[in-house]
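Going down the list, the protein sequences come from chains F and Y.
Per the numbering used here: the first sequence = residues 460 to 698.
Per the numbering used here: the second sequence = residues 460 to 698.
We put the beta carbon where it would ideally sit given N, CA and C, even for glycine.
Below: one structure, written as C-alpha cells.
Number of protein chains: 2
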Amino acid sequence: MEDVLLRDGRALKHVVVREYVRALVGDNAPGSPAPSERELVHRFGVARMTVRQALDALVTEGLLERIPGRGTFVARPRREATRINGYTEEMTRRGLLAESQTLLARREQAGPGVARALSLTEGDAVIHWRRLRRGDGTPVCIEDNYLNEILLPGFLQTGMPTSLYDALARRGLRPTWAEDSISADTAGDEEAALLEIEPGTVVLRHSRRGMVGEKIVNVSRSVYRADRFTMWIQLGSDS
Amino acid sequence: MEDVLLRDGRALKHVVVREYVRALVGDNAPGSPAPSERELVHRFGVARMTVRQALDALVTEGLLERIPGRGTFVARPRREATRINGYTEEMTRRGLLAESQTLLARREQAGPGVARALSLTEGDAVIHWRRLRRGDGTPVCIEDNYLNEILLPGFLQTGMPTSLYDALARRGLRPTWAEDSISADTAGDEEAALLEIEPGTVVLRHSRRGMVGEKIVNVSRSVYRADRFTMWIQLGSDS
DNA sequence: TAGTGGTCTAGACCACTAT
DNA sequence: TAGTGGTCTAGACCACTAG
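Written out as C-alpha cells, the structure reads:
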C-alpha cells in the first residue's frame, strides 16, 4: 500500500513536496496555515501543477483543507470508522492492564465451521490459538483464534506475541475490515470455570472474521463475562 | 455535498468530462474499459490535465481504476463501512417482516442520563418514543428513543413513521455516524412481559448515540431477546 | 512499435478574501 | 490591491503493456 515512489533513484517531485508539507504541518493544530502553493513553487523550483498534485493528495487524505481566496490549512481531523482492534488494544484504550494466558497454540485440521469461515476446505491446516484474557487481573474473556496457516508460515515457531494484531501487522496482514457478530448467551461449564463465574451466567459472545483485501486472515470466537465487559463501537465517519 | 459547479453559466470543463465519463461507464461491469485520456482530449478539445482532473475525481470516488500502460477501467465496487441502520432496515435486510407497536410517544423533560447523552441540560425538552418491535410476528426488541426536540420541531405532530431513520433522513438528520455500546444482561420484569420471556432470561442490550456532523440527533436504548437476535456488524472498509 | 497512464513544465485568467 | 486557491492550456519525456 505504501508509496515507495522513487524512480531510478530520483525522488518524485510531488512526493518530495508532499512529504515536506506533511512533516512541516504534521502536528500543527487544525486551522494552522500550510505554505501557499506559490511559496512551495519557489521553494522547490517546480511547477504549480506539481505542487497542487502534492497538496491534492494531502487534501484527499484529510490532512489539509483548502479555502479559496484564503489559503490552505490543517484540517480538523475527520472522524473515522472504528479501527479494527484486538483485545489488547481495546483494554489498553480503556486504561486497563491487559494480560493474556495461552491455553492452547497448535496446528490443527480445520473443522467444518472454521473451514467455512476461513474459506478453506475441511481438513486444511489452521493455527488454533486459545487464550484466557484478563483485565486488571480478573478473567474477562476466552478467545479462540483460527488463522489460515498458508498466510502465516512459521507463525507458531516465531514466538507468540501478546497482541495478535501487532504480529499480523508486522506481516502486512492486519485486518483492514471485519465482519462481526455479537450475541448474548449463558456460559457453559468449561467457560464458566475459566472465567471464574457460575455456569449459566450471562456472557457476551463475539465472532469476527478479519480480512485484508480479499484475504481472510483470521476468525475469532470470544466469550466475555457480561459483568466485566461492554462492547463499544463507532460506526460510520464524517465527510 | 453535490458539486453544482457552473460558473457564470459556463460549465466547468472537468465537470463536463467527469459526468460524461460517469454516464458512459455508469453501469458497466468492473473491468470494462473507460475512454483513454487522449481520446477524451480529442473529443472535448481540452488539455490532458483537464481530463486527468476529471478522471482523478472518479478514481478517488472509487468508480474508476487506472492501470499504467493498459488504460482506465471500471473499478470493482469498494466495500464500505456498515451503514448506520435502524431496526426496520436491519430486519428487512435479513428478510424478516419488521413490525412496530408504539408504546409511548410524548414530550418529556430529559433526565440526567438522557441529558448527558444528548448534550442537553437536565429538564430540557426531549421526545421519548418507546416501541415494541416484532420480527415475523414474535417480539424481538424494546426500543426507547430519545430525540432532541430542538432539532425536530413538530415531530410528534407530523405523524410517527414506521422507520425513525427514514423520518430523520427527510429532515436531513439521518445519522452518518454513531457510537454504540453492546452488552449482555438479564431481562427485568416489565421487559420480560413485553418480550414474552421469563424474567431473568438473557438479553442483549444496545445503546446508540446517532450523530450527523457535530449534532447529536438521537439516543436509543434497546433490549433484544437473545434467542431472536444476533447483532451483525461490518467494520472498516477497503480503500 | 503504438498506445497507455505518470510525471512535469511555464505559463494564463478567474473569483474570492483580506487589508 | 495583493495574495490565495480554482481552472485550463499545449506541450514534453518517461515506463510500461500489448500486438
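Legend: CB atoms of the stretch 682-694 of chain F lying less than 7 Å from CB atoms of chain Y belong to residues Ala685, Thr689, Met690, Trp691, Ile692, Gln693 and Leu694.
Sequence-distant partners of Arg668 (chain Y) (beyond 5 residues in either direction) whose C-beta falls short of 7 Å from its own C-beta, in its chain, are Ala576, Ala637, Glu638, Ile675 and Val678. With distances taken between CA atoms, Pro489 (chain Y) lies nearest to Y:Gly521 out of Y:Gly521, Y:Leu653, Y:His473 and Y:Glu655.
Looking at F:Leu514, F:Thr689, F:Arg552 and F:Arg592, the one whose alpha-carbon comes closest to that of Glu558 (chain F) is F:Arg592. Separation of Glu549 (chain F) and Leu556 (chain Y) (C-alpha to C-alpha, rounded to the nearest whole angstrom) is 36 Å.
Around Gly545 (chain Y), the same chain offers Ser622, Leu623 and Tyr624 as residues with beta carbons nearer than 7 Å, after the five sequence neighbours per side are excluded. With a contact defined as Cβ atoms closer than 8 Å, Val533 (chain Y) and Ala493 (chain Y) qualify at about 7 Å. With contacts defined as CB atoms closer than 7 Å, Gly582 (chain F) and Gln568 (chain F) qualify as a contacting pair.
Out of F:Ile543, F:Gln512, F:Ala652 and F:Ser491, the CA that lies nearest to the CA of Arg529 (chain F) is found in F:Ser491.
Under the 10 Å beta carbon count, Leu579 (chain F) is surrounded by 16 or more other beta carbons and is classified as buried. Look at Val475 (chain Y): its C-beta is not under 7 Å from any C-beta on chain F.
Taking the beta carbon of Asp644 (chain F) as reference, the chain Y residues within 9 Å of it are Ala643, Val661 and Ala685, listed in sequence order.
The secondary-structure analysis by DSSP pairs Ala584 (chain Y) across a beta bridge with Y:Gln568. Taking all protein chains in view, the Cβ of Gln512 (chain F) is crowded by 16 or more other Cβ atoms within 10 Å, so the residue is classified as buried.
From the listed residues Y:Ala685, Y:Ala564 and Y:Ala470, the smallest Cα separation to Pro598 (chain Y) is found for Y:Ala685. Annotation for Ser640 (chain F): Ser666 place their beta carbon closer than 6 Å to its own, counting only its chain and skipping 5 residues before and after. The DSSP assignment places 523-526 and 530-533 as complete runs of the beta strand (DSSP E) inside the stretch 489-553 of chain F, in order along the chain (cut-off: 3 residues).
The C-beta of Trp636 (chain F) comes closer than 7 Å to at least one C-beta of chain Y. In the DSSP assignment, Leu663 (chain F) falls within the unbroken beta strand (DSSP E) covering Val661 to Val671. Using a CB distance below 7 Å, no part of the stretch 617-629 of chain F faces chain Y.
Rounded to the nearest whole angstrom, the C-alpha separation of Ala584 (chain F) and Ala482 (chain Y) is 47 Å.
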